[in-house]
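Reviewing the structure listed below.
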Amino acid sequence: MKRETFSLVYAPVVHEHLAAIEPKYDSLIREKTEKQLTHEPDVETRNRKPVRQPAAFHAEWELRFGPNNRFRVFYQVDHERREVRIVAIGVKDRNRLIVGGMEVTL
Numbered sequence: 070m071k072r073e074t075f076s077l078v079y080a081p082v083v084h085e086h087l088a089a090i091e092p093k094y095d096s097l098i099r100e101k102t103e104k105q106l107t108h109e110p111d112v113e114t115r116n117r118k119p120v121r122q123p124a125a126f127h128a129e130w131e132l133r134f135g136p137n138n139r140f141r142v143f144y145q146v147d148h149e150r151r152e153v154r155i156v157a158i159g160v161k162d163r164n165r166l167i168v169g170g171m172e173v174t175l
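Residue numbers (the working numbering): 70 to 175.
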């Protein structure tokens with residue numbers, strides 16, 4: 070059985086979030102996001118979990134990856150359109166989440 074793919078759609082503000090992260094991580098973020106979210110983006114795994122509501126950025130899901138699982142991608146899944154909408158990308162440092170250079174409370 071062939072798995073159907075989802076297309077990734079980035080909210081315009083995500084470009085600002087990425088600009089606040091060191092450029093050396095750009096390819097890692099892009100590759101992991103594409104690999105993890107184009108197939109079965111709403112299946113819970115060790116590093117992919119539903120977000121407790123109400124959530125920042127109206128996110129439904131969170132993907133964790135990178136050195137010490139420091140990167141976070143927050144997203145919504147639209148099954149009708151077969152789209153994953155990336156609404157925020159940030160860096161987790163201990164108990165602080167930094168998105169676009171600003172601390173965010175989850």
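Backbone N, C-alpha and C define an ideal beta-carbon position, used for all residues, glycine too.
Keep in mind that this is a model prediction, so the values were computed, not measured.
Considering Cα atoms alone, identify which of Thr107, Lys161 and Glu131 is closest to Val153. Thr107
C-beta contact flag for Gln145 and Val160 at 8 Å: no
Considering only the alpha carbon of each residue, which of Ile167, Arg150, Met171 and Arg163 lies closest to Val78? Arg150
Taking Arg163 as part of the beta strand (DSSP E), name the residues at either end of that continuous run. Careful: Arg163 lies outside any beta strand (DSSP E) and carries neither H nor E.
DSSP three-state label for Ala157, please. strand
Taking Phe44 and Lys101 to be in contact with their CB atoms under 8 Å, please state how far apart those CB atoms are, rounded to whole angstroms. Given a span of 70 to 175 for the chain in the structure shown, any question on residue 44 remains unanswerable.
Between Thr174 and Pro123, what straight-line distance do the alpha-carbon atoms span, to the nearest angstrom? 11 Å
Per DSSP, Gln145 forms a beta bridge with which residues? Arg154
In three-state DSSP terms, what is Glu73? coil
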